[in-house]
Amino acid sequence: MDKDRIVGSAKEFAGRAEGAIGDLAGETQTQASGKAREAAGTVQNLYGQAKDAVRDAGEAAAGYAKDAYENSGDTLRDGSQALSRKVQDNPLGSLLIAGGIGFALALLMSRPARRPPPRWRYYG
Numbered sequence: 001m002d003k004d005r006i007v008g009s010a011k012e013f014a015g016r017a018e019g020a021i022g023d024l025a026g027e028t029q030t031q032a033s034g035k036a037r038e039a040a041g042t043v044q045n046l047y048g049q050a051k052d053a054v055r056d057a058g059e060a061a062a063g064y065a066k067d068a069y070e071n072s073g074d075t076l077r078d079g080s081q082a083l084s085r086k087v088q089d090n091p092l093g094s095l096l097i098a099g100g101i102g103f104a105l106a107l108l109m110s111r112p113a114r115r116p117p118p119r120w121r122y123y124g
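Every letter in the sequence shown is one number past the one before it in full-length UniProt numbering, and letter 62, counting from 1, is 62.
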C-alpha cells in the first residue's frame, strides 16, 4: 500500500469530520474547508491507487518476461522437433513448400526498380 493512499484516506476522513462539524455549527467557511480537504484527500488517495496499479502491472510484466525468458529454450526446441516430424512425415510437400518460398524470394529480390512512365512532350 502506498503512502499517498494512507495520507489521502486520512485527509478525506478529516475533511468529512470538519464538514460535519461545520454543519452542526452552521459555519459555511468550516463546511467549505472540510469539503476542500475531503476532495484533496480523495485525489491523493486516487493518486496512490494509480501508483499501486502501475507498480503491480510492472511487477506482473517483469514476471511474465522472466518466465518467457526461462522457457524460451523449451519452446524453440519443441517447435523444431515438431517441424522435423512434419518434414519426416511428408518430405515431398516440405520440399515443394521450401522451393516455393525460395522462388518467391528470388522474384522479390530480382525485380527491377520501377521507373516512372515516360513523359511525352508535344511541341506543336
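Think of the CB as a built atom: it goes at the ideal place given N, C-alpha and C, for glycine as much as any other residue. Note that the structure is a prediction, hence the values are computed from the model and not measured.
Inter-residue spacing [alpha-carbon to alpha-carbon] between residue i and residue j
i    : j    : result
N45  : S9   : 6 Å
R115 : I97  : 32 Å
E59  : A65  : 10 Å
G73  : A82  : 14 Å
D89  : G79  : 15 Å
A14  : A62  : 38 Å
I101 : M109 : 12 Å
E27  : V7   : 26 Å
P91  : L107 : 24 Å
A25  : R16  : 14 Å
A68  : V54  : 21 Å
Simplified DSSP state of residue i, which is helix, strand or coil
i    : result
M109 : helix
D78  : helix
E38  : helix
R114 : coil
E27  : coil
D2   : coil
Same chain only: Cβ atoms within 7 Å of residue i, ignoring 5 sequence neighbours per side
i   : result
K11 : R37, A40, G41, Q44
Cβ-based neighbour list, residue i, same chain, cut-off 8 Å, excluding 5 preceding and 5 following
i   : result
G99 : none
K86 : S94
Beta-carbon proximity check, residue i vs residue j, cutoff 8 Å
i   : j   : result
Q31 : G19 : yes
Residues near residue i in its chain [Cβ-Cβ closer than 6 Å; skip 5 each side]
i   : result
G22 : T30, Q31, G34
Whole-angstrom C-beta distance between residue j and residue i, which should lie under 8 Å
i  : j   : result
M1 : D52 : 7 Å
Any C-beta of chain B under 8 Å from that of residue i
i   : result
S84 : Of the chains in the structure shown, none is chain B; there is only one protein chain.
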